[in-house]
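Asks: Just so you know, we're using the numbering used here here: the sequence shown kicks off at 8 and counts up by one. Every residue, glycine too, gets a C-beta built ideally from N, C-alpha and C. Input: one structure, supplied below.
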Amino acid sequence: KVGVSDTDLAAARRRIQQIEAAGRLQQALQSEMIDVVQGQLREAEKVGVAQNLLDEGIRRIQQLKAVAQIREALADMSKLTLGVIEDLVSTADAVGVGDLTGESKQVYETLVKRRDKMRAEKQLRAAAKGQDVFALLDAIQTAEKAGVDPKKVAAAQQVWERIAELKKPTARVQLLAAVEGKDIGKLDDAIKLARAVGVEKRVVDRGELRLRVLQGLAENEAESSQGGETSSKRRVQLPEEGALPEIKTIEAREAKK
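Now the structure itself:
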């Protein structure tokens, strides 16, 4: 007859307690109630449940607390400054609230949308005070996506149109000058600005043609410097004098003004 020691019996009982406590904790991890998770976590810690499962319990409590803070903040929107919202979102992201599902996920997404809207409004206000057409255009597009008040977006659009109209003559002259040069970066910037503020399409098209020529030449030169052979079909040449007559005519007209 083989006997079982008291030590073995105690170890077996403890193992059963660990298995049962682990099961209860795993079930509690699905709960939205902080007290439920905390209670099962304490019991699991007492009987020595595996640390990885205890860590999951701790993380779940952190997530639920973060969600509770968000709910409390959303209950009084008047106190929600952008700084407060960004702190709440940062805390929630740190414990993985964004990875949750169900109601907790919806609460988190509500706060994120609110943050994005307030950020967009702030960006729109700042851009409307400046003279950067690209910054204002980007702010307008961001505000529309974030659901900013359409009246505010429309007002910013009017500001952008006024700035664009004021910048159009300068943008046109800058493009004409860039076309005569060989600076790819300057020409590319001039084209973007001209297109944005509504310079005539024919002028922008000519600028884009010149840009393609310069880019092709740059590519040919790079290949030549590396000792590569370039097919004559691929090699791009600069246009002959007068090859861009429309640009020349426009430039002459500008010079007379």
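Where does K86 fall in DSSP's three states?
Replies: Here residue 86 refers to the residue found at position 79 of the sequence shown. It is helical.
Asks: Spell out a yes or no on whether the region 208-228 and the region 163-174 are touching, meaning 3 or more CB-CB pairs, one atom from each, closer than 8 Å.
Replies: no
Asks: Only counting runs of 3 or more residues, tell me where the beta strand (DSSP E) segments fall wholly within the region 126-198, in order along the chain.
Replies: none
Asks: Work out the CA separation of A184 and A259 for me, nearest whole Å.
Replies: If you number the sequence shown from 1, residue 259 lands on position 252. If you number the sequence shown from 1, residue 184 lands on position 177. With a pLDDT of 47 at A259, under the threshold of 50, the predicted position of this residue should be treated as unreliable, and no value is reported.
Asks: Quick check on E116: does DSSP put it in helix, strand or coil?
Replies: As a working mapping, residue 116 is identified with position 109 in the sequence shown. Helix.
Asks: Measuring CA to CA, which of Q76, Q45, E207, A80 is closest to I65?
Replies: Against the sequence shown, residue 65 aligns to sequence position 58. Ranking the options by Cα distance to I65, first place goes to Q45.
Asks: By Cβ distance below 6 Å, which residues in the same chain neighbour L71 in space, the five residues on each side in sequence not counted?
Replies: Indexing the sequence shown from 1 puts residue 71 at position 64. The answer, listed in chain order, is I41.
Asks: Please classify S38: does DSSP put it in a helix, a strand, or coil?
Replies: Sequence index remark: in the sequence shown, residue 38 carries index 31 (1-based). DSSP places S38 in coil when its eight states are reduced to three.
Asks: Do G105 and A99 count as a contact pair if the criterion is CB distance below 8 Å?
Replies: Here the question's residue 99 lines up with position 92 in the sequence shown. Here the question's residue 105 lines up with position 98 in the sequence shown. The answer is yes: Cβ separation under 8 Å.
Asks: How many Å lie between I68 and A29 at the Cα?
Replies: One-based indexing of the sequence shown puts residue 68 at position 61. One-based indexing of the sequence shown puts residue 29 at position 22. Rounded to whole angstroms, I68 to A29 spans 16 Å at the Cα level.
Asks: Between I191 and E215, is the Cβ-Cβ spacing less than 8 Å?
Replies: Residue numbering aside, residue 191 sits at position 184 when the sequence shown is read from its first letter. Residue numbering aside, residue 215 sits at position 208 when the sequence shown is read from its first letter. It is not a contact, given that the beta carbons lie outside the stated cut-off.
Asks: Helix, strand or coil for G55 per DSSP?
Replies: Residue mapping note: residue 55 aligns to position 48 of the sequence shown, counting from 1. Three-state DSSP puts G55 in coil, outside helix and strand.
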